[in-house]
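Accompanying notes for the structure given below.
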Amino acid sequence: MEDTARTDALAVARLLEEHRGEDVVVLDVGEAAGWTDYFVIATLASSVRRRGVLRAVGAYLEARDIPRLNPHRLQPEGEGWILLDCGRMVIHLMDPEARAFYELEKLWFRSQALYSSNSSRSSSSSSS
114 MEDTARTDAL AVARLLEEHR GEDVVVLDVG EAAGWTDYFV IATLASSVRR
164 RGVLRAVGAY LEARDIPRLN PHRLQPEGEG WILLDCGRMV IHLMDPEARA
214 FYELEKLWFR SQALYSSNSS RSSSSSSS
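Numbering (this note's numbering), first residue to last: 114 to 241.
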């Protein structure tokens, strides 16, 4: 049986890369977190780019009928971090400073990286 949340997390990661997201990572946090299965994390250098990517990701989520939980609880614009809670997938759009400060990959170090745009630690096939 196909894991649609995994498929969607990987598709969002590719979408983020297409929109010039940097250091895009998908972590399988399901065993460590009881409230979600996947983190999709990307660095976006400017607030303009974050807003544009937010629209593109929102369109993808809407097309796939993926609900956004607490859609009105976005971080203030100046915070440098937009979090989209989609239930089994949580999307983090961060500026470089927030990404360096919070170090989510280090916090969730026991989680398997399913996709990484910057390294060979990805376990998903990049030829798919």
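All C-beta atoms in this analysis are idealised placements derived from N, C-alpha and C, irrespective of residue type, glycine included.
Owing to the predicted nature of the structure, the values given are computational and were not obtained by experimental measurement.
Relative to the alpha-carbon of residue i, which residue among the options has its alpha-carbon at the smallest distance?
i, options, result
"D150", "V203, R181, E130", "V203"
"D198", "S229, G165, I154", "I154"
"V161", "L182, H132, F214, A211", "H132"
"R201", "E210, A176, L182", "L182"
"L167", "L128, A145, L140", "L128"
In angstroms, rounded to a whole number, what distance separates the CA positions of residue i and residue j?
i, j, result
"Q225", "N231", "15 Å"
"D208", "K219", "17 Å"
"G147", "D136", "25 Å"
"D116", "V125", "14 Å"
"R223", "I179", "27 Å"
"L174", "E130", "16 Å"
"S237", "E192", "Per-residue confidence for S237 stands at a pLDDT of 43, beneath the threshold of 50, marking its modelled position as unreliable; the derived number appears in the next sentence. Going from the Cα of S237 to the Cα of E192 covers about 32 Å."
"A118", "A145", "16 Å"
Kindly identify the DSSP beta-bridge partner or partners of residue i.
i, result
"A155", "L206"
"I179", "BP columns for I179 are empty, so no partner."
"D116", "DSSP output for D116 lists no bridge partner at all."
"A226", "L140"
"D198", "L182, V203"
"E135", "T156"
Label residue i either buried or exposed according to how many other C-beta atoms from any shown protein chain fall within 10 Å of its C-beta, with 16 as the threshold for buried.
i, result
"L217", "buried"
"D121", "buried"
"R163", "buried"
"G134", "buried"
"R234", "Residue placement at R234 is poorly supported in this model, since its pLDDT is 39, which falls under 50; the coordinates still yield a value, given next. Flag for R234 reads exposed."
"R305", "This structure leaves residue 305 out entirely; the chain is present only between 114 and 241."
"S240", "Annotation note: pLDDT 37 at S240 (below 50); position unreliable, coordinate value reported separately. Burial call: exposed."
I think residue i touches residue j, with their Cβ atoms under 8 Å apart; what is that distance to the nearest whole Å?
i, j, result
"F152", "W221", "7 Å"
"V142", "Y228", "Between Y228 and V142 the Cβ distance is about 13 Å, and since that is not below 8 Å, they are no contact."
"L157", "L206", "6 Å"
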